[in-house]
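Asks: The structure is given below, and queries will be raised subsequently.
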Amino acid sequence: MARKLPKADVVLVGVGWTGGIIASELTKKGLKVVGLERGKERKTEDYFMVHDELRYALRYDLFQDLSKETITFRGNERIRALPMRQYGSFLLGDGLGGSGVHWNGQTYRFLPYDFEIRSKTIEKYGQNKIPAEMSIQDWGITYDQLEPYYDKFEKTCGISGEENPHPGAGKRSDKFPTPPMKKSPAIKMFETAAKNLKLNPYMMPSANLSESYKNPDGISRAACQYCGYCERFGCEYGAKADPVVTVIPVAKKTGNFEIRTHSHVRRILHTGNKATGVLYVDTTTGEEIEQPADIVVLTSYVFNNVRLLLMSDLGRPYDPATGTGVIGKNYAYQVMKGNAVGFFNDKEFSTFAGAGSLGIVLDDYNGDNFDHSNLGFIHGGSISLTQTGLRPIQNNPVPKGTPAWGKEFKQQSLKYANRFLSVGGQGSSMPFKHHYLDLDPTYKDAFGDPLIRITFDFEDQDRNLAVFLAEKSAQILKEMGANHIDSLKELGPYDITTYQSTHNTGGVIMGADPSTSAVNNYLQMWDVDNLFVVGAANFAHNSGYNPTGTVGALAYRCAEGIDKYRQTGGQVV
Amino acid sequence: MAEENKEKQETLSRRRFLRNTGFTVGGLAVGGILGSLVPRGKDDNKNNPPAPQDQDFNQALMYFTPEQFRITEAATERIFPEDDNGPGAKALGVAYFIDHQLAGDWGFNARDYMQSPFFPGEKVQGYQGRLKRRDIFDIGLRELQNYSNTVGKKNFEELSGDEQDKILKDFEEDKVNLTTLSPSGFFQLLRSATLEGVYSDPLYGGNKNMDGWKMRNYPGSQMAYAEIIEKDFQKIKPQSLQSHMKH
Ligand SMILES: Cc1cc2nc3c(=O)[nH]c(=O)nc-3n(C[C@H](O)[C@H](O)[C@H](O)COP(=O)(O)OP(=O)(O)OC[C@H]3O[C@@H](n4cnc5c(N)ncnc54)[C@H](O)[C@@H]3O)c2cc1C
Ligand code: SF4
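Now the structure itself:
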């Protein structure tokens, strides 16, 4: 029998970005919040020896230990799903702050088009533009409704940036909290080339601070040092906005937030359609503990948000045969391989230096910012040049045709080490009826619980989009004066072994209609009033940007929804 | 200088020790085994013992047998050879790096999902074998040796560079028929471990003297680049993580 603890107002499963935001907002309002985090405590002092590519980037020091828990994957329902035994395609967060510790900090707003994608696509191109199996739907919220929450998240982080010049971008109620990052010579080259091509470049919105900043919660942070060890690493300066140096201390200061690390949640407890708390294991002792609460919030990233619902028999599981049910529906990812690499014979760049969100980007080929009438895809992607710090183990590109090892490889990889630049698309990802998440029938985690199973592959939509973005990227590199350009010619099948992005989405999608969505636009479960689920799992499709700007905005909206629920009960929409 | 002489004597007397005691142990003739404990290169340099600054206490084996070490050293040197740019894998200590890595978490696949059942999968589903990296090296190096003896009639490390390349290429292109493991899988592991050994912080035993970094003007671990980020390329004297220990 599990030991039962006194009841809390709110219990959070996972303390990363979403958990941290909900905790800070609710504890400020006086609610008693318990945050259960399966990993360990993290703090800035941990990163004394952080400039270690082997330990952090290749041995995955900060990430979830796959020996205990992973996912299984298959390209389609006809083949057997097998476990992701080693990291590749995406990396999973673990420990206080979650992936917010080792993210890059590229912090975007989605386009107004995204939130009404189905209506707007039909309105402009007609129903036939949407392939039969493509299950895009409107999100049940508009950009304008979400705008105040974007603004809030950006102010918490101190996002450094400049106005997006493209008319397709949503209106801002306020300017960026801090000015854009510094421009490196490579960024200036991209800017000039893009302008020559009549495109609309702007500096990437960055959660690495361009200057020191004090946020509305009174938290002060130092400016980024462009140290070049950002993505996959923690920031030794506290310059990168991360939950541990922003929202978590705010929640702690209220005295209303209790964080319990090493607490692995296995089930959401419920009677009828009311959640009563959660069951977790203290991994330091093995003890099973029950934490009752008035309100339960799932903030455990896409995969565990879906997995916990399915394992706890909550909500209606998605059935791909009929397209009915909602939990696990509309899993989507991203098209990251539409890119080009340019080699320069007589220019050298200090690309060893950089910051996670130092970059320049354009949206001329994103969303519905361009005409799709004669194109074999909808939506698009942002195209950018980033300078995140090229570390030597992982960055050894050589012009196509060069052997991958030996004398010539050594010569060429040394020659081009500081003489190549990549320009690439971050392509959107549309949901399809047969792409979904469910529980794996065979493989288990360290507690004997089923792993989550991904059924996903690239479609014509993705193949066409990838080649399109690669061609546009190559054009920009050509204008930048590259001597040799290699670009993607064909997108192969989805491959779980190579890193693409940790931008997994869907599974607990939001919407206006309970029959086709799992949560309302306050991220409250339609089927369980006191259960909120928040994160990229709420996305009905994935856009051509990094997700966390939108994830953060949804978390702020969710906190407001929880507060409403506490006062009125029932569905808050 | 006194230090230097002392070290020289110690090396010599250790060598003599091995020689003198290497003939029989418990009645078995094991001279061959003990003899091979003395690295070949050093033996040939009897009159040129290493200068004291070259003494690197990290350069000893945690996992490999001397034979495995020699094959690894020879193979990684072909993957990343010495040339006009500077040292190759051998001088950079890459084989020591791999040895040390195999002795720890990485060699045991400690943070990989290794639960059964094991089924062969599609390539896009990633590695599905039950072998751990240290098993893969044990088997892979043995197969490399066997194959060298079959096609080249010599041990791998005794073949010429070109012959070694051919053997490695056959592994890379799965032209070797093995029932034990995937030849290309082993080759890719060897290749990626080589680059890790060339370019990881010297604290791990490779990238000796930061020479891997120096060859490509990589500055290693610097605290900040805020002052240079807007400027044109410039060379910066590299620093390893050890430099932070002085703070
Ligand atoms: C390498 C990398 C780079 C990235 N770069 C960017 C970027 O530049 N821009 C961008 O927008 N996004 C980026 N992201 C994505 C971004 O980090 C995530 O969108 C964001 O962190 C999601 O917040 P979350 O709260 O949903 O999940 P997380 O921050 O991952 O937090 C989830 C927490 O829940 C915990 N947890 C999970 N299961 C349980 C359980 N059963 N019991 C208890 N605790 C549990 C986890 O340990 C974790 O701490 C990046 C991600 C990675 C990995
Ligand atoms: S690049 Fe900037 S924000 Fe990123 S870790 Fe380094 S100093 Fe911190």
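Those protein sequence lines, which keep their order, are chains A and B. Quick note on the UniProt record's numbering: the first sequence kicks off at 1 and runs consecutively. Quick note on the UniProt record's numbering: the second sequence kicks off at 1 and runs consecutively. From the three backbone atoms N, C-alpha and C, an ideal C-beta is built for every residue, glycine too.
Counting only Cβ-Cβ distances shorter than 7 angstroms, please list the residues of the stretch 93 to 106 of chain B near chain A, keeping chain order.
Replies: 106
Asks: In terms of alpha-carbon separation, which member of 386(A), 349(A), 259(A), 548(A) lies closest to residue 360(A)?
Replies: 386(A)
Asks: Using CA coordinates, which residue listed in 383(A), 232(A), 512(A) is at the minimum distance from residue 137(A)?
Replies: 512(A)
Asks: Below 7 angstroms between beta carbons is the criterion; list the residues of the stretch 178 to 198 of chain B that meet it against any residue of chain A, in chain order.
Replies: 191, 195, 196
Asks: Should residue 388(A) be labelled buried (16 or more other beta-carbon atoms within 10 Å of its own) or exposed?
Replies: buried
Asks: Can you tell me whether residue 109(A) is buried or exposed, with buried defined as 16 or more other CB within 10 angstroms of its CB?
Replies: buried
Asks: Name, please, each residue of chain B whose Cβ falls closer than 8 angstroms to the Cβ of residue 227(A).
Replies: 222, 223, 224, 225
Asks: Could you check which residue in 569(A), 567(A), 342(A), 438(A) has the C-alpha nearest to that of residue 481(A)?
Replies: 342(A)
Asks: Judging by CA-CA distance, which residue of 502(A), 240(A), 410(A), 216(A) is the nearest neighbour of residue 334(A)?
Replies: 502(A)
Asks: What do you reckon, are the CB atoms on residue 556(A) and residue 149(A) nearer than 9 angstroms?
Replies: yes
Asks: Below 6 angstroms CB to CB, which residues in the same chain sit around residue 103(B) once its five sequence neighbours on both sides are set aside?
Replies: These residues qualify, in order along the chain: 62, 63.
Asks: When the Cα atoms are used, what is the spatial distance from residue 38(B) to residue 154(B)?
Replies: Reliability of the predicted coordinates at residue 38(B) is poor, the pLDDT of 37 falling under 50, and the value obtained from them is presented with this limitation in mind. Roughly 21 angstroms separates the two Cα atoms.
Asks: Taking only beta-carbon atoms, is residue 74(A) less than 9 angstroms away from chain B?
Replies: yes
Asks: Where do the ends of the alpha helix (DSSP H) carrying residue 473(A) lie?
Replies: From DSSP, the alpha helix (DSSP H) with residue 473(A) extends over 460 to 479.
Asks: For residue 91(B) and chain A, any beta-carbon pair shorter than 9 angstroms?
Replies: no
Asks: Just list the beta strand (DSSP E) runs in the stretch 6 to 67 of chain A, keeping only unbroken ones of 3 residues or longer that don't cross its boundaries, in chain order.
Replies: 8 to 13, 33 to 36
Asks: For the stretch 330 to 348 of chain A, which residues have a beta carbon sitting closer than 7 angstroms to at least one beta carbon of chain B?
Replies: 348
Asks: Which one or two residues does DSSP pair with residue 486(A) in a beta bridge?
Replies: 341(A)
Asks: Within 8 angstroms: the Cβ of residue 546(A) and any heavy atom of ligand 1?
Replies: Checking every heavy atom of ligand 1 against the Cβ of residue 546(A), one is found closer than 8 angstroms.
Asks: How big is the Cα-Cα spacing for residue 121(A) and residue 282(A)?
Replies: Going by the C-alpha atoms only, they are around 49 angstroms apart.
Asks: Thinking just about the alpha-carbon of each residue, which of 538(A), 568(A), 564(A) is nearest to the one in residue 140(A)?
Replies: 538(A)
Asks: For residue 111(B), decide whether its Cβ has a neighbour in chain A, counting only Cβ atoms nearer than 9 angstroms.
Replies: yes
Asks: Distance, Cα to Cα, residue 140(B) vs residue 146(B)?
Replies: 10 angstroms
Asks: Quick one: what's got a C-beta closer than 7 angstroms to residue 60(A)'s C-beta in the same chain, skipping five residues either side?
Replies: 87, 91
Asks: Which stretch, first to last residue, makes up the alpha helix (DSSP H) that contains residue 73(B)?
Replies: Segment 66 to 79, the alpha helix (DSSP H) holding residue 73(B).
Asks: CB-CB under 6 angstroms to residue 30(B), same chain, minus the five flanking residues each way: which ones, in chain order?
Replies: Because residue 30(B) carries a pLDDT of 36, less than 50, the predicted location of this residue cannot be relied on, and no value is offered for it.
Asks: I want to know whether the stretch 127 to 137 of chain A touches the stretch 425 to 440 of chain A - three or more CB-CB distances under 8 angstroms.
Replies: yes
Asks: Candidates 47(A), 287(A), 351(A), 324(A): which alpha carbon is nearest residue 1(A)'s?
Replies: 287(A)
Asks: From which residue to which residue does the alpha helix (DSSP H) around residue 100(B) run?
Replies: Secondary structure note for residue 100(B): its alpha helix (DSSP H) is the uninterrupted segment 94 to 102.
Asks: Taking only the alpha-carbon atoms, compute the straight-line gap between residue 74(B) and residue 128(B) and give it to the nearest angstrom.
Replies: 29 angstroms
Asks: Can you give the Cα-Cα distance for residue 240(B) and residue 201(B), rounded to whole angstroms?
Replies: Linking residue 240(B) to residue 201(B) through their CA atoms gives a straight-line distance of about 6 angstroms.
Asks: For residue 206(B), which of helix, strand or coil comes out of DSSP?
Replies: coil
Asks: Have a look at 515(A), 31(A), 415(A) and flag the residue whose alpha-carbon is nearest the alpha-carbon of residue 84(B).
Replies: 415(A)
Asks: To the nearest angstrom, how far is it from the Cα of residue 70(A) to the Cα of residue 469(A)?
Replies: 31 angstroms
Asks: Any idea if residue 88(B) is buried or exposed, counting beta-carbon neighbours within 10 angstroms, 16 or more meaning buried?
Replies: buried
Asks: So is residue 245(B) buried or exposed if we call it buried at 16+ other beta carbons inside 10 Å?
Replies: By the neighbour-count rule (16 or more Cβ atoms within 10 Å), residue 245(B) is not buried but exposed.
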